[in-house]
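Peer 1: This is the structure I want to talk about, given as structure tokens.
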Amino acid sequence: MKITLKVWRQKNAADKGGFQTYQLDNVSPDMSFLEMFDVLNEELLSKGEDPIHFDHDCREGICGMCSMYINGKPHGPKQTTTCQLHMRSFHDGQTITVEPWRAKAFPVVKDLVVDRTSFDRIIQAGGYVSVNTGGVPDANEIPIPKKVADEAFDSATCIGCGACVAACKNASAMLFVSAKISQLAMLPQGKVERKTRAEQMIAQMDEEGFGACTNTGACSAECPKEIKLENIARMNREFYTAKAKSENV
Ligand code: SF4
Ligand code: FES
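In terms of the working numbering, the sequence shown opens at residue 36 and continues consecutively.
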């Protein structure tokens, strides 16, 4: 396949940045999107040029590192992570435009790499359990109904990639935060911090500069793990229930 790539190049956070065009003449349809970048970077390095910087780790759809905006969509045309996207999803001769996530809370570090430590700080604000859960329990020892366990697991599949923020016109992080709150709120181990968790994580989310939710649903539609909007409703319920019971009403 022949591909024209328009890639955002930015030396550092202070640089204005801009698009640079590259031609690739021998792209295999079976390459992943990141492998296509590997080939281009080999070429750039052999010419003594600066390779395109992008984040990646697992390349298996698990770590959430491979964040980039491809042809106007977070992670590209399929509802999957960029590392799991293959070049057969594009056609011969196509022009592909690649940009970093665009959000105030995700400043560009270099090229396609953004700083997502704002997500880490939200988790540090309340996305944990302090109870000693001991060793691995015997099967069926904790009486958690299957439906609840499945729902908690579905929420826990959020990989923290930030596509929800990139997809949202308000750069809201509500889908991510609500998934992290939900996975703990539904299980007994998560009850200890339940009264403070939502309030603290939402306060940190606001402090980081993420926008508000206006219920457009773009986050869930673009999420590679299909995290449901119901999580946002659950987060709001957790927040208002805790508020109503606290002295800070
Ligand atoms: S909710 Fe989905 S899009 Fe958002 S960080 Fe989690 S996995 Fe990524
Ligand atoms: S590199 Fe880990 S999810 Fe893509």
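Ideal placement from N, C-alpha and C gives every residue a C-beta, glycine not left out.
For I237, does the three-state DSSP call read helix, strand or coil?
Peer 2: In this structure, I237 counts as helix in the three-state DSSP scheme.
Peer 1: Please find out if some non-hydrogen atom of the ligand NAP comes closer than 7 Å to the beta-carbon of G195.
Peer 2: As far as ligands go, the structure on display features the ligand SF4 and the ligand FES and does not contain the ligand NAP.
Peer 1: Answer yes or no: the CB of I97 versus the heavy atoms of the ligand FES, is any distance below 7 Å?
Peer 2: Yes; taking the cut-off as 7 Å, the Cβ of I97 has a heavy atom of the ligand FES nearer than that.
Peer 1: Out of Y57, S190, M71, state which residue places its alpha-carbon closest to the alpha-carbon of S124.
Peer 2: The shortest C-alpha separation from S124 is found at M71.
Peer 1: Any heavy atom of the ligand SF4 closer than 7 Å to the Cβ of I262?
Peer 2: Yes, the Cβ of I262 comes within 7 Å of a heavy atom of the ligand SF4.
Peer 1: Specify, as a first and last residue, the run of the alpha helix (DSSP H) that I216 falls within.
Peer 2: Looking at the DSSP string, the run of the alpha helix (DSSP H) that includes I216 is 209 to 220.
Peer 1: Hey, which unbroken runs of the alpha helix (DSSP H) at 4 residues or more fall wholly within the region 167 to 207?
Peer 2: Here the runs fully enclosed are 181 to 191, 198 to 202.
Peer 1: How many angstroms separate the CA atom of Q239 from the CA atom of F188?
Peer 2: Approximately 24 Å between the Cα atoms of the pair.
Peer 1: Which of helix, strand or coil does DSSP assign to Q224?
Peer 2: Q224: helix per DSSP, three-state reduction.
Peer 1: Rounded to whole angstroms, how far is the Cβ of A206 from the Cβ of G246, which I believe are closer than 8 Å?
Peer 2: Right, their Cβ atoms sit about 5 Å apart.
Peer 1: In whole angstroms, what is the alpha-carbon distance linking V284 and L210?
Peer 2: Low local confidence applies: a pLDDT of 47 at V284 is under 50, so the model's placement there is unreliable, and no value is given.
Peer 1: Is any non-hydrogen atom of the ligand FES found closer than 7 Å to the C-beta of H91, if you look at the structure I gave you?
Peer 2: Yes.
Peer 1: In the DSSP assignment, find the alpha helix (DSSP H) that holds Q159 and state where it starts and stops.
Peer 2: It spans 152 to 161 - the alpha helix (DSSP H) in which Q159 sits, taken as one unbroken run.
Peer 1: Hey, how far is the Cα of Q114 from the Cα of A277?
Peer 2: Near 34 Å, if we compare the C-alpha coordinates of A277 and Q114.
Peer 1: Do the region 107 to 121 and the region 56 to 70 make contact, defined as three or more Cβ pairs closer than 8 Å?
Peer 2: Output reads yes: the region 56 to 70 touches the region 107 to 121.
Peer 1: Of all the options D146, C93, W136, which has the alpha carbon lying nearest to the alpha carbon of N47?
Peer 2: Among D146, C93, W136, the Cα nearest to that of N47 is on D146.
Peer 1: Please tell me whether F154 and G195 are closer than 8 Å, where the distance is taken between their beta carbons.
Peer 2: It is a contact, given that the beta carbons lie within the stated cut-off.
Peer 1: Looking at the structure shown, is T39 part of a helix, part of a strand, or coil, going by DSSP?
Peer 2: Strand at T39.
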